[in-house]
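Student: Okay, here's the structure, questions in a sec.
Written as structure tokens, this is what we have:
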């Protein structure tokens, strides 16, 4: 669903089949099946332009480029999300206890948040590139 306007709740796909029609295979695996892209493989890892990172599923603004930092983990990392754009959920998959980050609009899995980030929040939102699109401020 790259480079589209923000989709409201009533305009969102409702079934898995509808989601498969609007997302790429990789986007679907991450956003709808809680997948993870291989580290250092994402297109947005080295994106350093001014702009906003939006949900690839619905276009909701999620992260401002000013909050992006190089965590050296292999995934885009941010110190904070835009407003109430994300929800945090307990994730006990893979024998671990983590905090999952999902889009508050479409419920798409974005990644996880950890308490080992830099100031001012101490948070590291570790997000899959394929769950995001980038809107350049100059576009």
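Residue numbers (my numbering): 1 to 139.
Backbone N, C-alpha and C fix where the C-beta goes; we use that ideal spot for every residue, glycine too.
Every value quoted in this text rests on a predicted model; they were computed, and no experiment measured them.
Count the other CB atoms within 10 Å of the CB of residue 97; is the residue buried (16 or more) or exposed (fewer)?
Tutor: By the 10 Å Cβ count, residue 97 comes out exposed.
Student: For residue 128, which of 22, 121, 111, 120 has the nearest alpha-carbon?
Tutor: Residue 111 is the option with its Cα nearest to residue 128.
Student: Give the DSSP-derived three-state secondary structure of residue 109 in the structure shown.
Tutor: Three-state DSSP puts residue 109 in a strand.
Student: By how many angstroms is the C-alpha of residue 124 removed from the C-alpha of residue 116?
Tutor: The alpha-carbon atoms of residue 116 and residue 124 are separated by roughly 6 Å.
Student: Under the DSSP definition of a beta bridge, which residues are partnered with residue 127?
Tutor: Answer by DSSP bridge pairing, in chain order: 111.
Student: In the DSSP assignment, find the beta strand (DSSP E) that holds residue 61 and state where it starts and stops.
Tutor: Residue 61 -> beta strand (DSSP E) spans 61 to 64.
Student: According to DSSP, residue 136 sits in a beta bridge with which residue or residues?
Tutor: Beta-bridge pairing links residue 136 to 51.
Student: Counting pairs of Cβ atoms below 8 Å between the stretch 85 to 96 and the stretch 64 to 77, do you hit three or more?
Tutor: Because the criterion of three Cβ pairs below 8 Å is not met, the stretch 85 to 96 and the stretch 64 to 77 do not touch.
Student: What do you get for residue 133, buried or exposed, if any count of 16 or more other CB atoms within 10 angstroms of its CB means buried?
Tutor: That one is buried.
Student: From 130, 23, 54, 136, pick the residue whose C-alpha is nearest to that of residue 38; which is it?
Tutor: When only C-alpha atoms are compared, the closest one is 130.
Student: Who pairs with residue 91 in a beta bridge, going by DSSP?
Tutor: Beta-bridge pairing links residue 91 to 98.
Student: Where residue 51 and residue 136 are concerned, what is the direct C-alpha to C-alpha distance, given to the nearest angstrom?
Tutor: Taking the straight line from one Cα to the other gives about 4 Å.
Student: Return the chain-ordered list of same chain residues with a C-beta closer than 7 Å to the C-beta of residue 28, the five sequence neighbours on each side being excluded.
Tutor: Around residue 28: 19, 20.
Student: Given this structure, state the Cα-to-Cα distance separating residue 45 from residue 74, to the nearest angstrom.
Tutor: About 7 Å.
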